[in-house]
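**Student:** Quick note, the sequences are listed as chains Y and R, same order.
The opening residue of the first sequence carries number 12 in our numbering; numbering runs sequentially from there.
The opening residue of the second sequence carries number 12 in our numbering; numbering runs sequentially from there.
Submitted below is the structure of interest, expressed as structure tokens.
Number of protein chains: 2
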Amino acid sequence: MGGSAANGGGCGGGGGAAARVPVPAAKPFLETLGGNMKETFLPDDPFRVVRRERGCGRRSLAVLRYVFPFMEWAPAYTLGTLKSDLIAGITIASLAIPQGISYAKLANLPPVLGLYSSFVPPLVYAMMGSSRDLAVGTVAVASLLIGSMLSAEVSPVDDPALYLHVAFTATFFAGVFQALLGIFRLGFIVDFLSHATIVGFMGGAATVVCLQQLKGMFGLEHFTTATDLVSVMRSVFSQTHLWRWESVVLGCGFLFFLLITRFFSKRRPRFFWISAAAPLTSVIVGSLLVYLTHAENHGIQVIGYLKKGLNPPSATSLNFSSPYMMLALKTGIITGVIALAEGIAVGRSFAMFKNYHIDGNKEMIAFGTMNIVGSLTSCYLTTGPFSRSAVNYNAGCKTAMSNVIMSVAVMITLLFLTPLFHYTPLVVLSAIIMSAMLGLIDYPAAIHLWQVDKVDFCVCLGAYLGVVFGSVEIGLVVAVGISIMRVLLFVARPRTTVLGNIPNSMIYRRMDQYTTAQRVPGVLVLRVDSPIYFTNASYLRERISRWIDDEEDQCKEKGEMGVQYVVLDMGAVGSIDTSGTSMLDELRKTLDRRGLQIVLANPGSEIMKKLDSSKVLEAIGHEWIFPTVGEAVAECDYVLHSQKPGMVMDSAAPHENMV
Amino acid sequence: MGGSAANGGGCGGGGGAAARVPVPAAKPFLETLGGNMKETFLPDDPFRVVRRERGCGRRSLAVLRYVFPFMEWAPAYTLGTLKSDLIAGITIASLAIPQGISYAKLANLPPVLGLYSSFVPPLVYAMMGSSRDLAVGTVAVASLLIGSMLSAEVSPVDDPALYLHVAFTATFFAGVFQALLGIFRLGFIVDFLSHATIVGFMGGAATVVCLQQLKGMFGLEHFTTATDLVSVMRSVFSQTHLWRWESVVLGCGFLFFLLITRFFSKRRPRFFWISAAAPLTSVIVGSLLVYLTHAENHGIQVIGYLKKGLNPPSATSLNFSSPYMMLALKTGIITGVIALAEGIAVGRSFAMFKNYHIDGNKEMIAFGTMNIVGSLTSCYLTTGPFSRSAVNYNAGCKTAMSNVIMSVAVMITLLFLTPLFHYTPLVVLSAIIMSAMLGLIDYPAAIHLWQVDKVDFCVCLGAYLGVVFGSVEIGLVVAVGISIMRVLLFVARPRTTVLGNIPNSMIYRRMDQYTTAQRVPGVLVLRVDSPIYFTNASYLRERISRWIDDEEDQCKEKGEMGVQYVVLDMGAVGSIDTSGTSMLDELRKTLDRRGLQIVLANPGSEIMKKLDSSKVLEAIGHEWIFPTVGEAVAECDYVLHSQKPGMVMDSAAPHENMV
């Protein structure tokens, strides 16, 4: 592969080039359809594992291994791995217990549900999940969302049993929805929540969650049910006379302790366990303080009685009756998607650190099953929270066994230790939530977005402001709306650029990017940077006309020869539909009438196929299709200079004279 | 421009190539934003006309000329042009009168409204419209849509006054919506109704309108209000005993006459006036027949009394009270968009024939104003119907003056001739509608869609079946839904292809398209065919990994050297967002860990800018960015062959050894 000349070499005669850009042979419709469906829904080719095996037994084993990834690592499990997982599992359990209790309070659910949710779902995930680092549990944002969506229609104070049942039903629907998304390979729906959306949304939700903690921090008994900044501030500052200094002091003390340990652990990653153990330490210290000083009688609210024993079954609690089912369905779908987005993003990032592969659709099925089983065993929505998974990863977990260890630790707590939490002050839980939430507000990511992409920053800011000043749902709608609008706008307004020749070469590059690129007199080379679809066909037609007008204006000013050929570089046109082919045909007619010739360079095979079947190829003339811009321009240039200038100006269809 | 070698020529040493693909200089944010906004909303640069002029007076004149295009042609108007316009105007008036009456019946409105609507709106359009060939009037599909949407909530029989007022209000909202779309340069929303959608939708609507005419054809008095095929057929065949043979005979006779004249005119375009005059002839002959035979007493329904006189004002009839306003708003927006889509498509096609330019946004403002004024003068929704505009064009119209002539002719009819329509049989109107509608079912277009693009055909079929078996709204929702899904799917699942070298050149082309293209050992060249956005970033990461896996599997089978370099051809990547830059960074890390080097070829300037600001460029190394695939592969090849084979296989980060 030497540095030889570009193919064709340009200045050869015109015509006779009929087969240079091949038109692909027609394939049977069903084959094309099948190929497209496969590429769309099975891009990761999940059946490959089965195809590789021979024989019925081995194949079913492969399927089982596919569905239950623990069968891959369990046989090779060693004592050394167990030691690592044991340390990681106990560490995350010490985080899971206070966090579980705190987040359940966010969802207006009994605190013990937080513990239940750290017992059953991790066991299911350990069997079905493909991530080695994900630690399963409830998350603050989804908990808050469940709380705010359900409370809007069912009161958790007036009818706690109904509220609980609707929460289980919502979890059930979330699980079913997640599993269905995975089974039908619709994982890409989660991709429509962009990174920018998630940064803004999570930051906003974290702010809102922190604001809600002001209730606990100030020891207030009555508080607004709204989550927006304005309502919360009004609620806090209208009750200044009810603020409890004991609560404020205790809360700020613990918050400071938690933040300082986190700061220290961040600086010295070896001491990750200090920040991991800090929440449990706070709970123990706080409970002891209250127990010893009887502060529960002096305005410090405590958790109170926690039921002893494992998860009771809740299959009969699911409520499928009319008004609540729709509420549960709506809540389930929205929170399910949010939980999925967080869980999969977390799983993927850690998989990338350790260089293994996560199958998004398989993860969805695992999350879905985990939530369906959870909803039948008194758990509410769980996913893979970032904070817990990060601790798991730092603690050196090797396999999903660390989830099993955590589960066992939580089980022991549920069986024997719940009375110990009786005196745990709520303000400590508030401090734990606040310190976790402050870590979720990702300033550096927002700054990075601003530096790299202003639109993404707007999406992020929109989501943040929507959540903080509106509600969690509004923020989500704003962010998804801006994101989708951006995609549609991109598709509706693709970029077109003028290409120029890089001197002494056959290479053509964008004139606005490469300053050395030069115009070719008489030839306008335009590059279309997107598929030509119904959404942009008429825009492109008008934009291309404007390019030609601008170019002719310039030529007139300079007294140069006007445009004779319009070369469209189709290299970046990935696809075309019937509106696109009609547009090209109309463009050809318009140019024809102005005495200009349209030339296509480097169209892809789908483009060629569609141009051929729509007869546009025939109308343009196969001799005006070239594999490269260089060859196209060389041909135009050759024809221009071999004709008398007068002829070129008059000839309405110059190519007919030559070929 | 000779056929010289491609720039660089490849086999030179590595490194030292730092500035080959330039990173564009950072522009101020507001400048970029302004540029993007302008490109998005003002792609046609409407202020150019004003900028060109100097002085305040001339500029205001330019603005006036921009808003009222008749000021462009009026001064140069000659007697010869008037003659052409006169003929065209009278021809379209002879079509407008019967069509207007018929379509008003479709909308369940008094027949005279059809005449009113052919009087005022054409005058407004003649002043503000930029098309020379468009003939303004009511259209069947929008009329049917208004009829079915309004009748669902207000009965035209029980409360005709309210129904009329809501119809005016809907027209008013349609006009406001159309004008706003134009003023805010949101014309591209109309582009989201693709050609395929419109073909299917129009065909379905035409079928439905024809089905509705069975009422008139069979002389039935009671008929279903539903528009779907099943209900209509049930309604027709449950009343076989009420069929009137007189009506059937008369209707079929006229339908046959209308179809035969149309067929004849289509074969001989010179005799266009035969088919243009046929509807009026039918009306006259039909009315005479009824008048002479007193058939109105024998089961032939007639129009009856038509009020004499010009449009009464209707500004006070607009109904903005609560329940009906929402209905009017909904109806106005939906019918407004449909009418706009038809009107603009028609205007554009004729402008293309005559090679002049139509400004979509300006047309929207003209349509909007025309409907706002119409709603204040007892007209209902008007647009530019295809049939009437085609007749106008064939009759040789030169300017929008033909609309004025038509308007005057309709005015004379309204003032003096309405009593003549007293005996016009409804069955003739049904025949006129049916013959017009049969022309709207565009079989050849549907066949063309099937041949060129199967997805477009599905969109078309979906719209057709939705309209015929569901309702007009359902058909529209189905078609727009499929179209948007297609755009989103395209953005979520872009194509990636392997490129191969065209022997004896530096050109790389898709291996599946160019059979001569050959793999380069050790180098995998991949081309990404779309912008890299949040919707497809994770798909692309997985798909690229799968390409590499597949390639390595193949290499293993053949015992060749495995992949060492992955060259991504970024030529077709028009844009990238932060999810995209993160994806590239993650891909780089993954490849690094597998001991592969990522190489980028031909990234555009936005891509370079974003890669630079996100530090991904630094991480990849500027020396691994090349302006062409040829140079990138030549460099990889050079490095591969200048190293010992063993070294290459082991080196985890080969580029660090060399640069």
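Even glycine gets a Cβ: it sits at the ideal position worked out from N, Cα and C.
Note that the coordinates shown come from a computational prediction; the quantities given were computed from them, not determined experimentally.
Could you tell me the alpha carbon to alpha carbon distance between R/T675 and R/S286, rounded to whole angstroms?
**Tutor:** Past the edges of chain R, shown from 12 to 670, lies residue 675 of chain R, and the structure says nothing about it.
**Student:** If we define contact as Cβ-Cβ less than 8 Å, is Y/K341 a contact residue for chain R?
**Tutor:** Cβ-Cβ to chain R under 8 Å: no for Y/K341.
**Student:** Measure the alpha-carbon distance for Y/G111 versus Y/L124 and round it to whole angstroms.
**Tutor:** Their Cα atoms are separated by approximately 8 Å.
**Student:** Just verifying my parser: in three-state terms, what is the DSSP assignment at Y/F331?
**Tutor:** Three-state DSSP puts Y/F331 in coil, outside helix and strand.
**Student:** Of all the beta strand (DSSP E) runs that stay within the bounds of the region 296-322 of chain R, which reach a length of 3 or more residues?
**Tutor:** Qualifying beta strand (DSSP E) stretches: none in this window.
**Student:** Going along chain R, which residues have a C-beta under 7 Å from Y/G615?
**Tutor:** The answer, in chain order, is R521 and Q524.
**Student:** According to DSSP, R/P35 sits in a beta bridge with which residue or residues?
**Tutor:** Paired residue(s): none; R/P35 is not in a bridge.
**Student:** Could you tell me the alpha carbon to alpha carbon distance between Y/G657 and R/R143, rounded to whole angstroms?
**Tutor:** At Y/G657 the pLDDT is 43, less than 50, meaning the model places this residue with poor confidence; the figure from the coordinates comes in the next sentence. Cα to Cα, the separation comes out at about 33 Å.
**Student:** Among Y/G66, Y/E42, Y/G45 and Y/R59, which has the Cα closest to the Cα of R/R557?
**Tutor:** Nearest C-alpha to R/R557: Y/R59.
**Student:** Below 7 Å on C-beta distance, what does Y/G582 contact in chain R?
**Tutor:** Simply G582 and A583.
**Student:** Kindly give me the distance between the Cβ atoms of R/D588 and Y/D202, rounded to whole angstroms, as I take these residues to be in contact under 8 Å.
**Tutor:** Going by Cβ atoms, the distance from R/D588 to Y/D202 rounds to 12 Å, so no, they are not a contact pair.
**Student:** What does a CB cutoff of less than 7 Å around Y/I194 pick up in its chain, not counting 5 residues either side in sequence?
**Tutor:** Here the set comprises I376.
**Student:** Which residues bound the alpha helix (DSSP H) around R/Y77?
**Tutor:** Unbroken alpha helix (DSSP H) run through R/Y77: C67 to V78.
**Student:** Would the beta-carbon of R/L392 fall within 8 Å of that of R/I157?
**Tutor:** Result yes, Cβ atoms of R/L392 and R/I157 sit closer than 8 Å.
**Student:** Cβ of R/A401 less than 8 Å from any chain Y Cβ?
**Tutor:** Cβ-Cβ to chain Y under 8 Å: no for R/A401.
**Student:** With a threshold of 8 Å between beta carbons, is Y/T180 in contact with chain R?
**Tutor:** Judged by the 8 Å Cβ criterion, Y/T180 is not in contact with chain R.
**Student:** Just the Cα atoms here: how many angstroms apart are Y/N18 and Y/R281?
**Tutor:** Confidence at Y/N18 is low in this model, with a pLDDT of 37, below 50, so its placement is unreliable and the value that follows should be read with caution. Spanning the two alpha carbons is a distance of roughly 59 Å.
**Student:** Residues of chain R with CB closer than 9 Å to the CB of Y/E50, please, in chain order.
**Tutor:** Chain R residues near Y/E50: R504, R506 and R554.
**Student:** Tell me the DSSP secondary structure of Y/R599 in three-state form.
**Tutor:** Y/R599: helix per DSSP, three-state reduction.
**Student:** Which residues bound the beta strand (DSSP E) around R/T435?
**Tutor:** From DSSP, R/T435 is part of no beta strand (DSSP E); its letter is neither H nor E.
**Student:** What are the residues in the region 440-461 of chain Y lying within 8 Å of chain R by C-beta distance?
**Tutor:** Correct list: H459 and L460.
**Student:** How would you write the range of the alpha helix (DSSP H) that R/I423 sits in, first residue to last?
**Tutor:** Its alpha helix (DSSP H) spans residues M412 to I423.
**Student:** With a threshold of 8 Å between beta-carbons, can R/S624 be considered close to chain Y, or not?
**Tutor:** R/S624 counts as touching chain Y.
**Student:** Roughly how many whole angstroms lie between the Cα atoms of Y/T149 and Y/S113?
**Tutor:** Taking the straight line from one Cα to the other gives about 10 Å.
**Student:** Would you list, in chain order, the members of the region 196-212 of chain R that have their beta-carbon closer than 7 Å to a beta-carbon of chain Y?
**Tutor:** Residues F199, D202, F203, S205, H206 and A207.
**Student:** Does the distance from the C-beta atom of R/V577 to that of R/V640 stay below 8 Å?
**Tutor:** No, the Cβ-Cβ distance between R/V577 and R/V640 is not below 8 Å.
**Student:** Which of the three DSSP states, helix, strand or coil, is assigned to R/I609?
**Tutor:** Correct three-state label for R/I609: strand.
**Student:** Skipping 5 residues on each side, what residues in its chain have a beta carbon closer than 6 Å to that of Y/F218?
**Tutor:** At residue 218 of chain Y the sequence reads Thr, which differs from the Phe that was named. Here the set comprises V479.
**Student:** Skipping 5 residues on each side, what residues in its chain have a beta carbon closer than 7 Å to that of R/L231?
**Tutor:** Closer than 7 Å at the Cβ level, and outside the excluded window around R/L231, lie Q250 and L253.
**Student:** Give the range of the alpha helix (DSSP H) segment to which Y/R538 is assigned.
**Tutor:** Taken as a continuous stretch (DSSP letters only), Y/R538 belongs to no alpha helix (DSSP H), being part of the beta strand (DSSP E) at V534 to V539.
**Student:** Under three-state DSSP, which class holds Y/L392?
**Tutor:** Coil, per DSSP.
**Student:** Could you work out which residues of chain Y lie near R/L500, taking near to mean beta carbons separated by less than 7 Å?
**Tutor:** Correct list: T51.
**Student:** Rounded to a whole number of angstroms, what is the C-alpha to C-alpha distance between Y/S653 and R/Q565?
**Tutor:** Their backbone Cα atoms lie some 50 Å apart in a straight line.
**Student:** Does any residue of chain Y have a CB that is nearer than 8 Å to the CB of R/Y136?
**Tutor:** R/Y136 does not count as touching chain Y.
**Student:** Indicate, with yes or no, if the ligand HEM has a heavy atom lying under 7 Å from the CB of R/S154.
**Tutor:** Absence of the ligand HEM from the depicted structure is noted, as is the absence of any ligand whatsoever, leaving it without description.
**Student:** R/K94 to R/H368, Cα distance in whole Å?
**Tutor:** R/K94 and R/H368: Cα-Cα distance of roughly 24 Å.
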